[in-house]
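Only one structure is covered here, and it is reproduced in the block below.
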């Protein structure tokens, strides 16, 4: 579902508001000259001269990403092996390009992650590396950390090897191209040396999703609200709910498997950084059960939270408010460093397994450190005292950066919602009650899809979750990303 923000070609107001959000969160928007110079120098390095790397350029890797992507962290190769699979997953080896203690690393520590907004993105590393030399772009030899998995018929790990290697991607594909090829029985790319990877990816992804269900893992379905630049003749922005893609899910299962293998390697070595999410508290689940019932979603007593989420019809109109409420069941995941003693509860409970971030080193600082660590551990090399000492600092920086990234994401949507509503002050909107706090009622506006707080009268009655109400728009501040509503009594 898409709602046009504005047909007005003048986007200066909304882009100034996006810039204001970045400034509020102290997000760095330029690279110092010495960092750009260091990136240009590093980009001239020749990967083929690096010692100790296995030559995997004969493996027909491909990348699968959104259209137009340039910061390609991963490339894959999947083939059937008997009843099971063999999976190679090559991840960009940032450590080859970025020296420890150098200006590139120092700048990356100040950023933590790549920050995304509709008008621009602020990369972790300068484009000379993140979109050039270090990216796994096709038809170029690149250094990578390669995970080589043997999987059984259930797509469970039989063995895993981790090595520093040289790789060469053969093609850059989009999720839609993968879907088109699979839907056509593999005809779209028939004859290419990597074509069989796409059909195998579907089979692998579906089996890994089945294993997730068996473990009791749960992922919220869709409806992450985001804002993007309109790909139309006019300038402008659009506010929309992100729609699911089966091929994106298959691809993500490769990343999840790799993150699981990295976590197992670090747990065996008793040192590392895990991505940990506590189990949902029973009271939070009970509250969400009441919310779901109020929003018109039946939830039988024998159905667990995970089973309920998987049973949802994602096309239902009230899915937006329901998914937003479901996010409150579990608090956010954290990066947790450990050395010598594994955390008491090391699991990522939404995935129902131990897990580590390691597959996006061009966009997340921690991934480079995890990759360096697991490559050394797998080779039998003990991490240095310096490496052990830096891991808690990496985890702290990542937790702070992820918090800022979440605030930017929410702020961007708030700005877009205010932009979308400008010029409509005084209008009434149909809405659904999501909750009450501080004398205000949290509502989901039906159309356009806006979530906001609405002021209620001093003596207004208690509002029930899921109740249908009307709210009047009383004011808009685009720069601050605020829309002001008042309930119609």
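Residue numbers (my numbering): 33 to 521.
Backbone N, C-alpha and C define an ideal beta-carbon position, used for all residues, glycine too.
- In the DSSP assignment, residue 410 falls within the unbroken alpha helix (DSSP H) covering 397-410.
- Excluding its 5 nearest sequence neighbours in each direction, residue 119 has C-beta neighbours in its own chain below 6 Å: 110 and 181, listed in chain order.
- The C-alpha of residue 222 lies about 30 Å from the C-alpha of residue 193.
- From the listed residues 393, 249, 398 and 466, the smallest Cα separation to residue 324 is found for 466.
- DSSP places residue 59 in the coil class of the three-state scheme, outside both helix and strand.
- Residue state for residue 381 is assigned as coil, using DSSP reduced to three classes.
- DSSP places residue 104 in the coil class of the three-state scheme, outside both helix and strand.
- If you ignore the 5 residues before and after residue 344, its C-beta comes within less than 8 Å of the C-beta of 253, 329, 351 and 354, all in its own chain and listed in chain order.
- The distance from the Cβ of residue 125 to that of residue 175 is about 4 Å, consistent with a contact at the 8 Å cut-off.
- In this structure residue 131 is exposed. Its beta-carbon is surrounded by fewer than 16 other beta-carbon atoms within 10 angstroms.
- In this structure residue 249 is in contact with residue 383, their Cβ atoms being roughly 5 Å apart against a cut-off of 8 Å.
- Around the beta carbon of residue 494, a 10 Å sphere encloses fewer than 16 other beta carbons of the protein chains shown; the residue is thus reported as exposed.
- Residue 469 sits in a strand when the DSSP states are folded into three classes.
- Taking 9 Å as the cut-off, the beta carbon of residue 422 is found no closer than this to the beta carbon of residue 510.
- Per DSSP, the beta-bridge partners of residue 487 are 472 and 518.
- In the displayed model, residue 459 falls within coil according to three-state DSSP, outside both helix and strand.
- Under the DSSP assignment, residue 93 falls in the beta strand (DSSP E) whose first and last residues are 93-97.
- In this structure, the beta-carbon distance from residue 136 to residue 104 does not fall below 9 Å.
- Between the alpha carbons of residue 251 and residue 292 lies a distance of about 16 Å.
- For residue 174, the uninterrupted beta strand (DSSP E) segment begins and ends at 173-183.
- Going by DSSP, residue 325 is part of the alpha helix (DSSP H) stretching over 314-326.
- According to DSSP, residue 304 shares a beta bridge with 370.
- Residue 85 is not a Cβ neighbour of residue 154, given a cutoff of 9 Å.
- Nearest in C-alpha terms to residue 177, of all of 488, 463 and 392, is 392.
- Separation of the CB atoms of residue 375 and residue 429 is rounded to 19 Å, and the pair is thereby denied contact status at 8 Å.
- Nearest in C-alpha terms to residue 243, of all of 185, 518, 48 and 150, is 185.
- Here residue 505 is near residue 456, since their CB atoms are less than 9 Å apart.
- For residue 469, the number of other beta carbons within 10 angstroms of its own is below 16, and it is reported as exposed.
- Distance from residue 209 to residue 168 at the Cβ level is roughly 17 Å; contact not present, criterion being Cβ atoms closer than 8 Å.
- Residues 173, 198, 199 and 200 of the same chain have their beta carbon placed closer than 8 Å to that of residue 89, with the five preceding and five following residues left out of the count.
- Beta-bridge annotation (DSSP): residue 206 is paired with 97.
- Between residue 144 and residue 434, the C-beta gap is smaller than 9 Å, which places the two residues in contact.
- DSSP places residue 188 in the coil class of the three-state scheme, outside both helix and strand.
- Here the C-alpha atom of residue 416 lies approximately 31 Å from the C-alpha atom of residue 60.
- Contact between residue 231 and residue 216 fails: their C-beta atoms lie close to 10 Å from each other, not under 8 Å.
- Spatial neighbours of residue 156 in its own chain (CB-CB distance under 8 Å, excluding positions within 5 residues in sequence) are listed in chain order as 140, 143, 144, 145, 146, 162, 394, 395, 396 and 397.
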